[in-house]
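Before any comments, here is the structure.
Numbering (our numbering), first residue to last: 39 to 255.
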């Protein structure tokens, strides 16, 4: 009975949020300890499916890794295989990023793009972009006067600015997309990753729609 009531409530919420402007790009932030079971990886696939159902066109999943040594261990472990296995079953362009690697899981001709970042933090991305720019200056390919916001943005890995960032498991910020997410709306939920449901995503989107975005003004 609970499942029937929840399903009806979800359909009602979908009808409501489809009447308002939807975020085009959503970021989901989870922690490395959230991906300890096969069920947790299945949840990622479900999350992508839920977003696709409400016409979200770009999804970025950031797996926060505190210990830098765990990044290489994680990507070389069974976690990499599970991510590829689960994401291969969805119709989307799927790419996995780490600080040392980029893996194109699949390439489909569709409107949905999914990026998965494992420990690839914003500080590293910004530092790497600055290094690339300074190297061009040293080679005489650029002048220091040419360096502006657009120049920095062109050297970032992730180009798109997300409208909504969803963080599960409480209010703790990460350093992911520190440049691109400056005007993003943050949504924190105490629900842990395994307990996260479609209704929680819909509530996050509804909350986003009710906010008055100021874009730093």
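The beta carbon of each residue, even a glycine, is placed where N, CA and C say it ideally should be.
Owing to the predicted nature of the structure, the values given are computational and were not obtained by experimental measurement.
Between the alpha carbons of residue i and residue j, how many angstroms are there, rounded?
i: residue 120; j: residue 131; result: 17 Å
i: residue 169; j: residue 193; result: 10 Å
i: residue 51; j: residue 240; result: 7 Å
i: residue 56; j: residue 65; result: 19 Å
i: residue 99; j: residue 153; result: 6 Å
i: residue 254; j: residue 197; result: In this prediction, residue 254 scores a pLDDT of 45, lower than 50, which makes its location untrustworthy; the coordinate-derived value is nonetheless stated afterwards. About 19 Å.
i: residue 75; j: residue 182; result: 49 Å
i: residue 179; j: residue 172; result: 10 Å
i: residue 89; j: residue 175; result: 42 Å
i: residue 141; j: residue 128; result: 16 Å
i: residue 93; j: residue 167; result: 32 Å
i: residue 248; j: residue 54; result: 12 Å
i: residue 199; j: residue 39; result: 41 Å
i: residue 30; j: residue 212; result: For residue 30 there is no data in the structure shown, the boundaries of the chain being 39 and 255.
i: residue 234; j: residue 123; result: 21 Å
i: residue 126; j: residue 187; result: 36 Å
i: residue 58; j: residue 165; result: 38 Å
Do residue j and residue i have their beta-carbon atoms positioned less than 7 Å apart in this structure?
i: residue 205; j: residue 67; result: yes
i: residue 231; j: residue 72; result: yes
i: residue 190; j: residue 48; result: no
i: residue 61; j: residue 225; result: no
i: residue 215; j: residue 160; result: yes
i: residue 163; j: residue 185; result: no
i: residue 101; j: residue 156; result: yes
Kindly indicate which three-state DSSP category residue i falls into: helix, strand or coil?
i: residue 336; result: With the chain covering 39 to 255 only, the question about residue 336 has no answer from this structure.
i: residue 232; result: coil
i: residue 212; result: coil
i: residue 86; result: helix
i: residue 238; result: helix
i: residue 198; result: coil
i: residue 75; result: coil
i: residue 92; result: coil
i: residue 60; result: coil
i: residue 245; result: helix
i: residue 43; result: helix
Considering only DSSP beta bridges, list what residue i is partnered with.
i: residue 67; result: 100 and 205
i: residue 226; result: 205
i: residue 156; result: 101
i: residue 131; result: 151
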